[in-house]
Ligand code: NA
Ligand code: NA
Ligand code: NA
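Residue numbers (the numbering used here), protein chains in the order written: chain Z, 26 to 422; chain C, 26 to 422; chain A, 26 to 422; chain B, 81 to 206; chain D, 81 to 206; chain L, 81 to 206.
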């Protein structure tokens, strides 16, 4: 009989909090958006369903809090941290292992950058290097959002992590937030991936408001061909240049460029394919599960989260504006040979924002093909955001 | 010359024990069965050959004992355990790392459940929900075997781990045994996988003894079609319902259902494929190597192991009987619209036991197709066994 | 303003040492050779580009030195080592994790042997077992190089690691060096893989110098067919025989033979494919990154490294000579029925050295097909080198 | 044999059997409810489009339309299959194990289904 | 150069060379024995069926022959490719998401390109 | 809202914007330089071979359009397959490196053999 009462005490239902219920609903909403509207499903589906699972009480699948104030000497070392967490919060569940060993150590974001490098063709940027500056201009959104966050009372570490959402690079956001402000990881990750899939809704009105129909009709001359040699040199040069100037960006840029060299070298097709497929798929699964498992009521259900979601829109919008306005400047300087809209593609979100630009261009003039020109800022935006993350780490890390 | 004598001392042959020799023969037998009779080769081949390897003395590829009495404060934490083992038994070999880091932490069994979820179509159970009860009835075998094991002198933890063999779900068996009675892991795992492949031999006589030819001839009406929406809702609902009621089953059920959602959502085909193929294959390899490496003479060559192998037959047989008898009850209640044989498929062993049922049905009446109806209890049996494992963990863990 | 000065201090450029610059150039050279001449690109490309990345100062992607004098009680345990390194050198970067957790624990070399086993057809050796002795004879090169290294002042551990380069098996070299002399890992790994791709240049002059045209024209009778049963028995027997006699070679040989059994059994094609492809590709990536990350100026830029590169040639050349000379002996004994050139294939480098032999044979007599006969010593050489590594570990480990 | 433990085991059995039937019973009820909802939704949404919403059991497995009309694909595939089948033509009586052959790469739409099914066969029993 | 170490190295060389020849020698002997056993077994089991047990050396590398003559395969494949290609040739109006269809498995050369592109679309935004 | 932090944030903004423009500006300059070098090299190496070095834009943009009209591709593939098949059926003069081609996907049973052999070539030496 005592056994029976014991068992009743293990009923999770009895330990369900309001916070759990809300988080389960949030998770289900993400799952719904991912399936019904195909909003970034590769990330939002795993994140959402994992959020549901970890908010079922007593399951023991995620026992360790995500953000703890660790003693000074413990926080230095991931292995001490794990020992400390075991001591204080018991045996790790599967999701604790995934989060603490794969996400928090940055293994997962870096391997995703590696895979992205193997999947990205930097050709359009090599063919027209000046478009790289548009990838820099779009980073203005990062700083606008950061300053707004500071004004709203977030501390510097949090503000930087929130700002980087405007870079529209999921792994960079996760990389930086994990290092600077793990307590808001779930919020920034969800914001980053959600707004990324809303790019086709967020960008067009801003682009149209900042450009005239004549500007949008500007045709650009065809890109020059890029040789295999240039494509091979590109990752090597980029790694060295950025690595020497912003070392704190070197892990992200380095892995991106190693992946890209695998792709372009043409001599390690097996490894390149593995980086793009088997390794990428497996790492993506763990990223989704790991991030989803941080969506606990105690850290997610705060006013901060709502503010972060709001600031994400600010970040994306100002990044788009920054790109377009700098595009207009380049248009003036070049004597009207650059369509300012391609600046909007500087927010990354490869290749979606470039497609948005092309679609608007087609609306004005069905014969205007600027997709490839928009790909230049687009891929430059990935590098730009990683550089900004490096600056943040150098100054705040 | 001293060097030469030193070398002679490292000859493994001189340190070979009778136990080693027997274990090598056991391993070779498993390899033989796997290859010659294709008995569950994906598991029994790796387990068998690994058992051979770890029983070659002095190889250093598996140095740590599988079941140790750890001090109280050490056993709480896997990382302390590893430090403790290093201190007492030296540097880990490859198989120690695989067993302690991947199997004992439950990473491997849970990832296999994830992959199984992505591979399983729960449609037949959704189309005819009442068949889920047959998946519950077959769990009776688990308890019959557990009580028998208790009567034979096994302690409660061991008895529960032995009973779960009757669930015919390898990863669940490994999951539970690792948590409750790691000292008998090798025996229960080998029993589970061996009998699973003997299902076509074990089940038919029991089914035939408990049913009349008329009952076996009962045809069932065609299953209704199941919509995509229902298939998507199923994993979400199941995860929440079971997670709230039996939280200790949540890790197993949760991973199974996340995998199934990946499959049914239709928006993450890449991840679903990865879960079913690349990740699954890799994890399967490590499962086989990890379990095989626990087959050491000291823990395997006991009277207990022989009893466990015997109890495995009891478990499978009584599970089959439980399913069939409950099937007869449902047949009576439904007025003869349910073929009682499909209860036998409640033991899981997807889809083998369902095929066995179909084969017997065809023998009686070549036009009787109840395979899909048998798949309902079949997949329900997986859920049922996970629930029972959850109950054991809640009460004994 | 202080912020600005802070930032300038993080400029990697200011901390670049001459050593870094040289290592970056070395890395770039490897990348160039890998791409331009396809010199072992699967390894040398990742190694080279990683060497570039880890020599960019302050990147934090590889913080821990590769070879440290650890206190006695720490070096026993990999996990204590990691805790110690964290304490003394700060949080690990991605490459520290890869090197310390995957390479130094031998996980990566052993999994590569596993994959190699699944990819290797031992048929030619089974068909003509006497050719196995040629695989033994080629190991003479290992000892010649070891003795030379000793004479040049290397200590025994280093000399053994250098000698093993002559075995022409990358993973065995890495396995042994990691255990005996991690401080020269980068040098031996680079030497092993570099010379392996130079086999078509190194071997022909030696083969021609040691054989007469008449000897090179010897045709060998067609190999007998090998049954599936023999192919299945081979890995099992080899594992047991070698495991009992040279247990310290058991991890290498054991994993090789498990992989080969997966291949030949025919019942676990999925796992065999996974071992050859998805797992192999992923592990290869980590091997390249892990080894490349050990190429730091402090340990690589020494006179020792140059000597090691020189000794590598000695090793390959004397291994070839050993094989050919023993081939001549076997030719005499057999009454001229063995072409002595196939001894040169005993250096492994599967299947390149066998192809070299075939090419020379074709030059003398276009109708002479001894490729398959050369494959016997070729695969035997893999086993032979693993045995020698086992002897070294038994006596020095 | 420890009597206390056996009694404890008896209690666990009672609880366990109760729980497993309860859980799967609740699940069944929920599934009936979901099925009922689904039918209502389908009827309301498109009263005449039921065939679309409830595909035939055969089509149900695969949700989307292949870019080749399945019929044509079937014909083409049949040619290949017929050929490969001839090679593998030993009709085995209800094979308890079907061999994975390399030619599945040519099957097109049948691929995933069969591939997974075969692996299910081997692995699903776990 | 440390003389003790060189002497030690000499001993290791003696032992090492002995061991490696011994081991591979034993292995060779065992293999001869296994081969002899195999021949005896085969002779006893099926005295006339030796051709089955002894495939030609060419086929030996790969135990089985391709089930379709490659030439026929080429023709059949061409038919499929032509068909699928036609379907794929409609100029699509900048699709914001292109579905991965199963038939890509039949495309051959187009495979990798499209596959990666689609994944880029979803994942590249990161 | 902490004024010190906002001021600090302002400094970070100034530094960050400067750095990101500087870095990408330097990168652009280097790329222009590399492009200029490349053109010079190409001109010097093969003054008349520019068409080879500069593929048509259609091919370069390979993400959108298949570089070969799919129908032609089918025919060409068939030809290649027929050719390679014939080659494969003879004794080849031991190629020292055989490139992995995409068309292996169409070979069916030949796949694994060739694929593994090529990889063996590169990796097997370990
Ligand atoms: Na960006
Ligand atoms: Na079950
Ligand atoms: Na060798």
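Idealized CB from N, CA, C, for every residue including glycine.
{"Query": "C-beta contact flag for residue 296 of chain A and residue 310 of chain C at 8 Å", "Result": "yes"}
{"Query": "Coil, strand or helix - residue 275 of chain C by DSSP", "Result": "helix"}
{"Query": "Short CB-CB distance (under 8 Å) between residue 92 of chain D and chain C", "Result": "yes"}
{"Query": "Distance, residue 152 of chain C Cα to residue 250 of chain C Cα", "Result": "7 Å"}
{"Query": "Where residue 113 of chain B falls: helix, strand or coil (DSSP)", "Result": "helix"}
{"Query": "Entirely enclosed alpha helix (DSSP H) segments - the segment 248 to 305 of chain A, minimum 4 residues", "Result": "253 to 270, 275 to 290, 294 to 301"}
{"Query": "Residue environment, residue 113 of chain C, which counts as buried when at least 16 other CB atoms sit within 10 Å", "Result": "exposed"}
{"Query": "Cutoff 8 Å: residue 411 of chain C Cβ touching any chain Z Cβ", "Result": "no"}
{"Query": "Coil, strand or helix - residue 42 of chain C by DSSP", "Result": "coil"}
{"Query": "Contacting residues, own chain, Cβ-Cβ under 8 Å from residue 283 of chain Z (five flanking each side not counted)", "Result": "139, 142, 260, 264"}
{"Query": "For residue 378 of chain A and residue 413 of chain A, the rounded distance between their alpha carbons", "Result": "20 Å"}
{"Query": "Any non-hydrogen atom of ligand 4 within 7 Å of residue 372 of chain A CB", "Result": "This structure simply doesn't include ligand 4; it includes ligand 1, ligand 2 and ligand 3 instead."}
{"Query": "Secondary structure of residue 376 of chain Z, DSSP reduced to three states", "Result": "coil"}
{"Query": "Pairwise C-alpha distance: residue 173 of chain Z and residue 298 of chain C", "Result": "42 Å"}
{"Query": "Within-8 Å CB hit, residue 160 of chain A to chain D", "Result": "yes"}
{"Query": "Residues from the segment 255 to 272 of chain C in contact with chain B, defined by Cβ distance under 8 Å", "Result": "255, 258, 259, 262, 263, 266, 267, 270, 271"}
{"Query": "8 Å CB neighbourhood of residue 418 of chain C in its chain, flanking five on each side removed", "Result": "201, 204, 205, 273, 274"}
{"Query": "Cβ neighbours of residue 401 of chain A in the same chain (closer than 6 Å, five flanking residues each side left out)", "Result": "149, 150, 153, 156"}
{"Query": "Residue closest to residue 369 of chain Z, alpha-carbon to alpha-carbon, out of Z:110, Z:314, Z:54, Z:231", "Result": "Z:231"}
{"Query": "Start-to-end residues for the alpha helix (DSSP H) that takes in residue 343 of chain A", "Result": "328 to 358"}
{"Query": "Any non-hydrogen atom of ligand 3 within 7 Å of residue 322 of chain C CB", "Result": "no"}
{"Query": "is_contact[residue 42 of chain Z, chain C] using C-beta, thresh 8 Å", "Result": "no"}
{"Query": "Three-pair Cβ contact test at 8 Å for the segment 119 to 138 of chain A versus the segment 351 to 360 of chain A", "Result": "no"}
{"Query": "Contact with chain Z by residue 106 of chain B, beta-carbon distance below 8 Å", "Result": "no"}
{"Query": "Interface flag, residue 144 of chain Z vs chain L, CB-CB below 8 Å", "Result": "no"}
{"Query": "Neighbourhood of residue 393 of chain C by C-beta, 6 Å cutoff - its chain only, sequence neighbours within 5 removed", "Result": "244, 386"}
{"Query": "Inter-residue spacing [alpha-carbon to alpha-carbon] between residue 268 of chain Z and residue 73 of chain A", "Result": "16 Å"}
{"Query": "Integer Cβ distance of residue 371 of chain Z from residue 162 of chain Z, believed to fall under 8 Å", "Result": "6 Å"}
{"Query": "Distance CB(residue 47 of chain C)-CB(residue 331 of chain C) smaller than 8 Å", "Result": "no"}
{"Query": "Span separating the alpha-carbon of residue 507 of chain A from that of residue 278 of chain C", "Result": "Since the first residue shown for chain A is 26 and the last is 422, residue 507 of chain A is missing from the structure and cannot be characterised."}
{"Query": "First and last residue of the uninterrupted alpha helix (DSSP H) at residue 127 of chain Z", "Result": "Per DSSP, residue 127 of chain Z belongs to no alpha helix (DSSP H) and is neither H nor E."}
{"Query": "Cutoff 8 Å: residue 195 of chain Z Cβ touching any chain C Cβ", "Result": "no"}
{"Query": "Spatial distance of residue 176 of chain C from residue 165 of chain C (CA atoms)", "Result": "17 Å"}
{"Query": "Distance, residue 179 of chain C Cα to residue 333 of chain C Cα", "Result": "10 Å"}
{"Query": "Buried or exposed by the 16-neighbour rule on C-beta atoms within 10 Å, applied to residue 328 of chain Z", "Result": "exposed"}
{"Query": "Beta-carbon gap between residue 214 of chain Z and residue 316 of chain Z smaller than 8 Å", "Result": "yes"}
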